[in-house]
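In this note's numbering, the protein residues as written are 1 to 295.
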């Protein structure tokens, strides 16, 4: 009886030793995720999304109360208007003095003619010229003062405008929008709660295009290149498997130790290279699901 079983057992062992996995690498499906956080403070007025909802880029996800911001905006607008209205009208304020200077210039011209005809004295002419110079100096000083005042008021108005724009930006950020077309994976807040800058509100993921992060040995790298089409097999348990075309989108530049949850075609390999393979999701693939790759 022993002589009959021995060859059978030996054949079985040889078959097991010669068998090789029908995959070149394995990995886990992952996706590009985005954590959307609040950028301003206030009570959350509305947050109508639910986990599993599909959203598009630019879609409003939540609204944060802007009552205080709107009040600040109105106050700043009023302050800017009153500040700008205080700006001096240089032309109007200098008009009277300019008119006096023009009249005094005419007087100086008249005294010049009279002096030429001997009808006036040199002192009278000099006094008229001195008065003209005083008026001109007064005009220069007035223009300088008014100009400085206007520049100062203008600077204040610009500073107020900057503050207004900052408030307007905060008001815009109070409407929280989706940065990408995606699916809501998790929701971290509810209406009525208080949001602060940096507080996570929800987590989004693009599930239309997901990635299998697979691990290849150094000897397999020569067979890989960016843009290469490979076959990805998704395991749904039992004998249920589906094949998908995948595109290599990223190859790691450095090796790492083989993750415990990953099997490689060469069980002796301690160091592997991570490779991301993009797969168009038909709705069946889930994050964290196991997958295999055939080159």
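By construction, the Cβ of each residue, glycine as well, lies at the ideal position given by its N, Cα and C atoms.
Tell me which residue opens and which closes the beta strand (DSSP E) that residue i is part of.
{"i": "residue 243", "result": "241-251"}
{"i": "residue 365", "result": "Outside the shown range of the chain, which is 1 to 295, sits residue 365, and nothing can be said about it."}
{"i": "residue 183", "result": "182-187"}
{"i": "residue 277", "result": "271-280"}
{"i": "residue 284", "result": "No beta strand (DSSP E) holds residue 284; DSSP gives it neither H nor E."}
{"i": "residue 61", "result": "60-64"}
I'd like to confirm the pairing. Which residues does DSSP put opposite residue i in its beta bridges?
{"i": "residue 29", "result": "212"}
{"i": "residue 194", "result": "43"}
{"i": "residue 203", "result": "35 and 186"}
{"i": "residue 49", "result": "Residue 49 pairs with nothing; no bridge assigned."}
{"i": "residue 291", "result": "27 and 234"}
{"i": "residue 256", "result": "272"}
{"i": "residue 177", "result": "60"}
Exposed or buried, what is residue i when buried is set at 16 or more other beta-carbons lying within 10 Å of its beta-carbon?
{"i": "residue 229", "result": "exposed"}
{"i": "residue 158", "result": "exposed"}
{"i": "residue 24", "result": "buried"}
{"i": "residue 232", "result": "buried"}
{"i": "residue 182", "result": "buried"}
{"i": "residue 212", "result": "buried"}
{"i": "residue 243", "result": "exposed"}
{"i": "residue 152", "result": "exposed"}
{"i": "residue 62", "result": "buried"}
For residue i, collect the residues of the same chain with a Cβ closer than 8 Å to its Cβ; drop the 5 residues on either side in sequence, then sort them by chain order.
{"i": "residue 194", "result": "41, 42, 43 and 44"}
{"i": "residue 286", "result": "29"}
{"i": "residue 284", "result": "234, 236 and 242"}
{"i": "residue 50", "result": "184 and 187"}
Sorted by chain position, which residues of the same chain lie with C-beta nearer than 6 Å to residue i's C-beta, five sequence neighbours on each side aside?
{"i": "residue 271", "result": "255"}
{"i": "residue 69", "result": "167, 170 and 171"}
Go to residue i, then tell me how far its alpha helix (DSSP H) extends in each direction, as first and last residue.
{"i": "residue 123", "result": "122-173"}
{"i": "residue 71", "result": "67-85"}
Excluding five sequence neighbours on each side, which residues of the same chain lie with their C-beta closer than 7 Å to the C-beta of residue i?
{"i": "residue 82", "result": "none"}
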